[in-house]
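Just below is one structure, and these are the notes that go with it.
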Amino acid sequence: MPLDHFKPPTPPRPAQPLGKLELLRRGRRNLLEMFSEKLLNQDYNDSKVLFQRVIICNSPETVQAALVGQHAAVERKSPQMRHALEPLLGDGLFISDGPVWAQRRRMVAPVVHVNRLHLFAPVMVQAAGEAAARWAAQPANKPVAMLEDMARLTAEIICRTVFGRALGAAQAQEIVEGFSDYQRRIGQTDLLSLLGLPDWLPRLLSPGAKRSARRIQAVMEAIIQAHRRARAAGEVEDEPTILRLLMEAEDPDTETNFTAEALRNEAAVLFMAGHETTANSLAWTWYLLSQSPRVAAKLHEELDRVLGGRAPTLADMPALPYARAIFEETLRLYPPVPILPREATEDCEILGRPVPKGAMVLIIPWLLHRKPSLWDDPDLFIPERFLAENAAGRSKYAYVPFSAGPRVCLGLAFGMTEAVLCLATLAQKFAPRLADGAEVRPVCRLTLRPEGGLPMHLDRR
Ligand code: HEM
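The numbering of the sequence shown is my numbering, which starts it at 7 and goes up by one.
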């Protein structure tokens, strides 16, 4: 192992597949502890867990076959995910499928398309600048909870890009608190479901989760109504918010616009999908940088050379390949969505192997990204592997932090740009350091995050 590459922590990995009870016991503690060394090295696994047939695709070929070749048969999200998120997202595109999903995707995709990023990048940089001012006011000897801090930053970015100035501070707080409450509550109920309770069992979503969902929806409805009234009164909005673009979106096939309810659902999807994922991975990035002085020094050299102390812009993105590579490597080691669960809605085949209707099909970036046959030194933090000269020839289905195929993350370009601009803004001035004695453990409930929130000191550079 090269001496100067950092090996970040992973949960213990059993050599052989676990028995059912042990699987449950470990899974309750941390989903990442359920996967064995044997599974890590397999391309495909077909087994029965409790009541459920579970098929795991763990090679670029089987992942491509499932997500692209068999898209129509396995596009549906698992029933567990749909039940957990439906009270909040309704028929929003994240959990819908078939014609509803296709229509929503057609309408939302152009709104967050890469050619719209020039509208949103200034908001990202402004929010990152405000975070830098908060960090500067923080006493150096008092650590911050980095995960919370990044969640605040990404929540601000998505709130401002979706709703713009219309969203008051109190409403923003309602939404942010409502979401974290909702996610905490569904995170607790999800595990047994993931292990395959049959779909006909009633889902016990806590009344608290439903209350949080209603609270968020009420705030969003109020904002949407205010926008609609303003438009009806002929008031011209100067702000290019995602909400405004969604209101103007027209489905080319049916020539219809979003209803108020569909607008609310898609706004909730964008908030949910685009907030915690980026926050978790930015928090991991700060941790990995704090443990790897070699990588931090190369990043600082790039930032100083390209930006020389000024705020970054969208136009700087191509000149910051190392910052981007650091973020990509972080997503490889700690993919915020470490398990992608789908349901087969018809009998189909994955590379000649039969997949019956009702089977759960899992793609597990957590495993795929650490598979020794696909990656050199898979457990080491080596951002250089993502520089163009080293990445050539790698299958794009070996690396799927944003999923792949027709349901690939809609916010890929948004999230990547957001992360690099935030990193570039903050790392120019700060070199966060892990608090003494802090233990870092990756845990997965719904998303993969550092347990305990990563206490870090905000050392100045
Ligand atoms: C580092 C940041 C992000 C990561 C790693 C990420 C990852 C993912 C993944 C893995 C999926 C597929 C989930 C599944 O199949 O179960 C997904 C879907 C999605 N993401 Fe992201 N995401 C990120 C940021 C964002 C942002 C910033 C937005 C919005 C602005 C966004 C919007 C969406 C939407 C709308 C979908 C659903 C797409 C569909 O089902 O057709 N994501 N994301």
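Glycine is no exception: its CB is placed at the ideal position from the N, C-alpha and C atoms.
So, helix, strand or coil for F408, using DSSP?
For the purposes of this step, residue 408 is taken as residue 402 along the sequence shown, with counting starting at 1. Correct three-state label for F408: coil.
Is it right to say M113 is buried, meaning 16 or more other beta carbons lie within 10 angstroms of its own, or is it exposed?
Start at 1 with the first residue of the sequence shown, and residue 113 comes out as number 107. Result: buried.
Rounded C-alpha distance that separates A232 from T167
Counting from 1 along the sequence shown, the entry for residue 232 is found at position 226. Counting from 1 along the sequence shown, the entry for residue 167 is found at position 161. Rounded to the nearest angstrom, the two C-alpha atoms are 17 Å apart.
Simplified DSSP assignment, three categories, for C354:
Looking up residue 354 in the sequence shown gives position 348. Looking at C354 - three-state DSSP - the assignment turns out to be strand.
I'd like the ranges of any alpha helix (DSSP H) spanning at least 4 consecutive residues and lying wholly in the region 45 to 109.
66 to 70, 77 to 80 and 85 to 95
Could you compute how far the alpha carbon of E227 sits from the alpha carbon of A419?
Residue mapping note: residue 227 aligns to position 221 of the sequence shown, counting from 1. Residue mapping note: residue 419 aligns to position 413 of the sequence shown, counting from 1. Near 27 Å, if we compare the C-alpha coordinates of A419 and E227.
Let's see if you can read the secondary structure: which residues bound the beta strand (DSSP E) around V449?
Here residue 449 corresponds to residue number 443 of the sequence shown, with the count starting at 1. From DSSP, the beta strand (DSSP E) with V449 extends over P448 to C450.
At which residue ranges does the region 323 to 354 contain complete alpha helix (DSSP H) runs of 4 or more residues, listed in the order of the chain?
327 to 339
D155 classed as buried or exposed, judged by whether at least 16 other C-beta atoms fall within 10 angstroms:
As a working mapping, residue 155 is identified with position 149 in the sequence shown. D155 should be labelled buried.
Could you tell me whether the Cβ atoms of Q70 and C354 are closer together than 7 Å?
The residue you call residue 70 lines up with position 64 of the sequence shown. The residue you call residue 354 lines up with position 348 of the sequence shown. Contact flag unset, no.
Name the residue from I388, E272 and T284 whose alpha carbon lies nearest to the alpha carbon of K304.
On the sequence shown, position 298 is the one that residue 304 refers to. The candidate whose alpha carbon is nearest that of K304 is I388.
Close Cβ partners of L454 (< 8 Å) along its chain, the five nearest in sequence each way excluded
The residue labelled residue 454 in the question sits at position 448 within the sequence shown. Same-chain partners within the cutoff: L38, N286, Y340, P341, P342, V343, P344, W372 and P448.
Taking only three categories from DSSP, how would you classify L393?
Looking up residue 393 in the sequence shown gives position 387. Coil, per DSSP.
Under DSSP, the beta strand (DSSP E) around T463 begins and ends at which residues?
Locating residue 463 in the sequence shown gives position 457, where the first residue counts as 1. Residue 463 is actually His in this sequence, not Thr. First-last of the beta strand (DSSP E) with H463: P461 to H463.
Skipping 5 residues on each side, what residues in its chain have a beta carbon closer than 8 Å to that of K44?
Residue mapping note: residue 44 aligns to position 38 of the sequence shown, counting from 1. Only A21, Q22 and P23 meet the Cβ criterion.
Counting beta carbon pairs with one atom in the region 262 to 272 and one in the region 395 to 414, are three or more of them shorter than 8 Å?
no
Do three or more CB pairs link the region 73 to 90 to the region 419 to 430 at distances below 8 Å?
no
Could you round the C-beta distance between L73 and S409 to whole angstroms and report it? I think they count as a contact, below 8 Å.
Here the question's residue 73 lines up with position 67 in the sequence shown. Here the question's residue 409 lines up with position 403 in the sequence shown. With a Cβ gap of about 7 Å, L73 and S409 count as contacting.
Coarse secondary structure for P362, derived from DSSP in three states:
Position 356 of the sequence shown, counting from 1, holds the residue named residue 362. Coil at P362, not helix or strand.
State yes or no: is the C-beta of C415 nearer than 6 Å to some heavy atom of the ligand HEM?
As a first step, residue 415 is located in the sequence shown; it is residue number 409 there, counting from the start. Within the cutoff, so yes.
Could you please give the first and the last residue of the uninterrupted beta strand (DSSP E) stretch that includes P456?
Residue 456 sits at position 450 when you count from the first residue of the sequence shown. L454 to P456 is the span of the beta strand (DSSP E), which, as asked, contains P456.
Following a CB-centred definition, is P145 positioned closer than 6 Å to any heavy atom of the ligand HEM?
Residue mapping note: residue 145 aligns to position 139 of the sequence shown, counting from 1. No - the ligand HEM has no heavy atom lying nearer than 6 Å to the Cβ of P145.
In angstroms with no decimal places, state the Cα-to-Cα distance between P128 and A289.
Position 122 of the sequence shown, counted from the first residue, corresponds to residue 128. Position 283 of the sequence shown, counted from the first residue, corresponds to residue 289. So the two alpha carbons sit approximately 21 Å from each other.
Straight-line CA distance for P417 to N64?
Walking along the sequence shown from the start, residue 417 turns up at place 411. Walking along the sequence shown from the start, residue 64 turns up at place 58. Reading off the sequence shown, one finds Gly at residue 417, where the question assumed Pro. About 24 Å.
Which full runs of the alpha helix (DSSP H) of 4+ residues lie inside the region 209 to 277, going along the chain?
213 to 238 and 248 to 254
Just to confirm the assignment, what range does the alpha helix (DSSP H) spanning K304 have?
Locating residue 304 in the sequence shown gives position 298, counting from the first residue. P299 to L313 is the span of the alpha helix (DSSP H), which, as asked, contains K304.
What would DSSP say about A151, mapped onto helix, strand or coil?
Translated into positions along the sequence shown, residue 151 becomes position 145. If DSSP states are grouped into helix, strand and coil, A151 belongs with the strands.
Euclidean distance between Cα positions of E468 and A134:
Residue 468 lies beyond the stretch modelled for the chain, which goes from 7 to 467, so this question has no answer here.
Beta-carbon separation (whole angstroms), L99 vs V275, contact threshold 8 Å
Mapped onto the sequence shown, residue 99 falls at position 93. Mapped onto the sequence shown, residue 275 falls at position 269. Between V275 and L99 the Cβ distance is about 6 Å, and since that is below 8 Å, they are a contact.
Shorter than 6 Å, the distance from the beta carbon of G459 to the closest heavy atom of the ligand HEM, or not?
Within the sequence shown, residue 459 is the residue found at index 453, counting from 1. No, the beta carbon of G459 sits no closer than 6 Å to any heavy atom of the ligand HEM.
If we count the other Cβ atoms within 10 Å of its Cβ and call it buried at 16 or more, is S102 buried or exposed?
Looking up residue 102 in the sequence shown gives position 96. S102 comes out buried.
Of the residues V150, D187, P66 and K435, the one placed nearest E307, counting alpha carbons only
Taking the first residue of the sequence shown as position 1, residue 307 is located at position 301. Considering only alpha carbons, the answer is K435.
CA nearest to the CA of P438, picked from L295, A161, R34 and A215
The residue you call residue 438 lines up with position 432 of the sequence shown. Among L295, A161, R34 and A215, the Cα nearest to that of P438 belongs to L295.
Going by other Cβ atoms of all chains shown within 10 Å of its Cβ, with 16 needed for buried, is F185 buried or exposed?
Translated into the one-based positions of the sequence shown, residue 185 becomes position 179. The residue is buried, with at least 16 neighbouring Cβ atoms inside 10 Å.
Measuring alpha carbon to alpha carbon, tell me which residue in T68, K377, S42 and P18 is nearest G358.
For the purposes of this step, residue 358 is taken as residue 352 along the sequence shown, with counting starting at 1. Comparing Cα positions, the closest option is T68.
Indicate the three-state DSSP secondary structure (helix, strand or coil) for V120 in the structure shown.
Translated into the one-based positions of the sequence shown, residue 120 becomes position 114. Note: V120 maps to helix in three-state DSSP.
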